[in-house]
Amino acid sequence: MEWLYMYMPIAGIDIFWPGLVLIGFSVGVIGGFFGMGGAWMVTPGLNILGFPMAFAIGTDIAHIAGKSMVSTFRHSKFGNVDYVLGLTMVVGTVVGIECGAQIVMWLEAIGKVGPVVRWVYVGVLALIALMVFSDYYKAHKKKKAGVVDEHGAVGFTWYKTLHKINIPPMMHFKVAGIYCSAWLPISVSFLTGVLAGFLGIGGGLLRMPALIYLVGCPTHVAVGTDLFEVMISGLYGTFTYGVKGRIEVWAVFVMLCGAAIGAQIGTVATKYAKGYGIRVAFGLAVVACMISVILKQYKIDLAATVVILGAVGAICVYICGIMFKGAANELREKKANSKLAAA
Amino acid sequence: MKRFYRIWPAFVALAMLLVPELVMAAGGKAEMLIVVADNRTVESGWFKFWIDAYNTDPFMFGLYCTLFTGFLGVSLGLITDQIMKRTGLDLTSRKLVEH
Amino acid sequence: MKSKILCCIVTMIVALCVAAPANAADVAQGKCVSYDKDKGVLVIEEFNTKFSKENKFGEPTGKQSTFNTKEALVGITPTPGDIIRLAYDGKSADKKTFRVMNVTKQDLMKK
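Protein chains in written order, with full-length UniProt numbering: chain F, 1 to 343; chain D, 1 to 99; chain W, 1 to 111.
Structure, rendered in structure tokens:
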């Protein structure tokens with residue numbers, strides 16, 4: 001069974017490569033569908049494979065950058081990426097992340113960093129999950145009552161209030177279909193950036209719901225635009241982690257082979273999913289992440305790993321299901337249509 | 001002037017990206033890790049290239065990693081794109097339905 | 001769009017091919033005999049590459065080598081007896097070292 005193990009030249013160890021491909025694939029599917037990097041899902045998987053932890057984060061980020069490229073291109077063809085909005089938000093994200101990191105350093109100086117960061121993380125995740133589910137509940141009620149707009153029933157519409165702010169420059173984001181002050185996406189991305197920097201995460205998990213609820217993007221465009229940002233920050237992360245000697249380049253390649261296929265499946269699956277389908281599944285992923293963080297806080301590492309990998313597996317199967325069912329339906333319809341045309 | 005308004009954030013973003021110390025990588029700051037990759041038993045030239053870059057010049061290694069990742073992202077994207085096209089699915093349009 | 005992507009690919013390939021590493025480093029591994037941080041001198045007893053269960057890091061060769069670590073990136077400070085792996089410029093007379101890794105004390109599985 002030697003061929004199942006691959007030599008990692010920098011760490012100098014042999015790793016079970018099908019495991020790497022599988023991790024890449026499942027995170028690719030989930031990332032393409034939700035529009036996030038998903039580093040929190042990769043690390044426990046790498047841990048189980050016996051991957052050196054010193055290289056885990058850097059390798060994660062490099063593979064996420066590559067994977068987001070694949071997803072961004074695909075989303076871009078669907079018209080799901082608002083590049084102008086993405087670039088506008090990069091400004092806020094960058095400054096925000098740096099501010100968040102400064103807060104962490106200050107907490108480190110007063111010696112309270114560990115628990116504070118974890119509990120803020122749990123609080124934020126709980127808030128996001130609560131928001132997603134209550135929004136779904138509201139939209140569901142509206143649909144039953146027959147209150148439906150051009151894209152179907154929508155729950156929270158906080159962004160409508162925020163769009164009324166008219167501090168110049170006003171910008172029209174065509175793909176997202178939004179006309180608002182440039183300061184809205186900048187300040188939203190700044191806030192999510194501060195949180196991301198503070199929590200030491202990429203931020204896709206925070207930015208995706210922020211784009212929907214605060215900026216007012218349709219779910220599909222939020223996913224695509226967020227992936228574009230993940231791609232930019234991922235490439236920069238690859239560079240800095242590379243300089244610090246924390247990337248196992250060969251593992252990036254192996255993981256990306258799985259992730260590229262996964263990213264295509266996850267991205268195309270968004271075509272067959274309704275916005276709220278994506279939002280609810282995202283909420284479930286957030287809950288899984290929250291539980292794993294709580295378990296880690298109490299040092300129940302094994303259970304945390306089981307929760308994360310279980311959630312990753314289940315969500316991945318769910319998304320693949322959507323994709324294959326939708327694709328089969330589309331192909332069947334196409335066939336029927338061409339038969340009709342021929343007749 | 002209107003046109004400038006539309007693209008100014010892009011310029012600011014690029015300017016920020018050029019100031020490395022201001023930008024923190026996603027995932028938190030990492031300490032420099034001093035690992036020496038062992039090339040004594042490695043025969044493959046490809047592996048040797050990476051090991052040598054890693055051992056001798058951290059900056060160039062970071063640059064190669066970024067280029068390699070970008071290259072992989074684009075080329076694997078193109079390959080899987082071709083595969084998806086062969087399935088005969090419509091990959092250029094979708095309906096925006098929220099609920 | 002397609003031609004732009006192709007241009008990107010070609011540029012990256014060219015960049016990767018042209019920019020070969022300036023230095024090819026030799027690697028040595030062995031037991032630390034002495035290390036003078038101020039003078040930047042590290043002496044090790046070199047091991048060969050015959051790895052086995054008894055000799056995880058190779059067999060001792062008895063050959064002592066001195067390295068110039070003045071400009072090197074040194075990880076955890078080596079103490080006599082530690083297993084050290086280092087990358088050095090084989091062409092320079094004083095064996096100018098790039099990186100020094102303390103194999104004994106560096107736990108790669110730790111974050």
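Think of the CB as a built atom: it goes at the ideal place given N, C-alpha and C, for glycine as much as any other residue.
Residue i (DSSP reduced to helix, strand or coil)
i                      : result
residue 264 of chain F : helix
residue 6 of chain F   : strand
residue 316 of chain F : helix
residue 82 of chain F  : coil
residue 82 of chain D  : helix
residue 65 of chain W  : strand
residue 286 of chain F : helix
residue 63 of chain F  : helix
residue 45 of chain F  : helix
residue 36 of chain W  : strand
residue 55 of chain F  : helix
residue 96 of chain W  : strand
The ligand PLP heavy atom lying under 6 Å from the CB of residue i
i                      : result
residue 276 of chain F : This structure simply doesn't include the ligand PLP, nor any ligand for that matter.
Residue i vs residue j beta-carbon contact at 7 Å
i                      : j                      : result
residue 69 of chain D  : residue 62 of chain F  : yes
residue 93 of chain W  : residue 55 of chain D  : no
residue 333 of chain F : residue 11 of chain F  : no
residue 222 of chain F : residue 208 of chain F : yes
residue 101 of chain W : residue 34 of chain D  : yes
residue 182 of chain F : residue 88 of chain F  : yes
residue 64 of chain W  : residue 41 of chain W  : no
residue 216 of chain F : residue 179 of chain F : no
residue 27 of chain W  : residue 38 of chain D  : yes
residue 422 of chain F : residue 94 of chain D  : It is not possible to answer for residue 422 of chain F, since the shown part of chain F is limited to 1 through 343.
residue 204 of chain F : residue 1 of chain F   : no
residue 304 of chain F : residue 292 of chain F : yes
residue 155 of chain F : residue 139 of chain F : yes
Residue i to residue j span [Cα, whole Å]
i                      : j                      : result
residue 101 of chain F : residue 200 of chain F : 8 Å
residue 30 of chain W  : residue 103 of chain W : 10 Å
residue 121 of chain F : residue 290 of chain F : 8 Å
residue 88 of chain D  : residue 75 of chain F  : 17 Å
residue 196 of chain F : residue 69 of chain F  : 21 Å
residue 22 of chain F  : residue 317 of chain F : 12 Å
residue 235 of chain F : residue 65 of chain F  : 5 Å
residue 91 of chain F  : residue 237 of chain F : 16 Å
residue 28 of chain F  : residue 90 of chain W  : 43 Å
residue 46 of chain W  : residue 43 of chain F  : 36 Å
residue 32 of chain F  : residue 67 of chain D  : 22 Å
residue 301 of chain F : residue 341 of chain F : 59 Å
residue 83 of chain F  : residue 186 of chain F : 14 Å
Closer than 7 Å to chain W by CB, residue i
i                      : result
residue 54 of chain F  : yes
residue 41 of chain D  : yes
residue 69 of chain D  : no
residue 66 of chain D  : no
residue 87 of chain D  : no
residue 80 of chain D  : no
residue 112 of chain D : Residue 112 of chain D falls outside the range modelled here, since chain D spans only 1 to 99, and no answer is possible.
Counted within 10 angstroms of its Cβ, other Cβ atoms place residue i as buried (16 or more) or exposed
i                      : result
residue 220 of chain F : buried
residue 73 of chain F  : buried
residue 60 of chain D  : buried
residue 218 of chain F : buried
residue 145 of chain F : exposed
residue 70 of chain W  : exposed
residue 40 of chain D  : exposed
residue 52 of chain W  : exposed
residue 49 of chain W  : exposed
residue 18 of chain F  : exposed
residue 168 of chain F : exposed
residue 5 of chain F   : exposed
residue 80 of chain F  : buried
residue 57 of chain F  : buried
residue 105 of chain F : exposed
Short CB-CB distance (under 7 Å) between residue i and chain F
i                     : result
residue 86 of chain W : no
residue 45 of chain D : no
residue 92 of chain D : yes
residue 53 of chain D : no
residue 42 of chain W : no
Cutoff 7 Å: residue i Cβ touching any chain D Cβ
i                      : result
residue 47 of chain W  : no
residue 33 of chain W  : no
residue 25 of chain W  : yes
residue 75 of chain W  : yes
residue 67 of chain W  : no
residue 296 of chain F : no
residue 349 of chain F : Because chain F in this structure spans residues 1 to 343, residue 349 of chain F falls outside the shown range and cannot be described.
residue 98 of chain W  : yes
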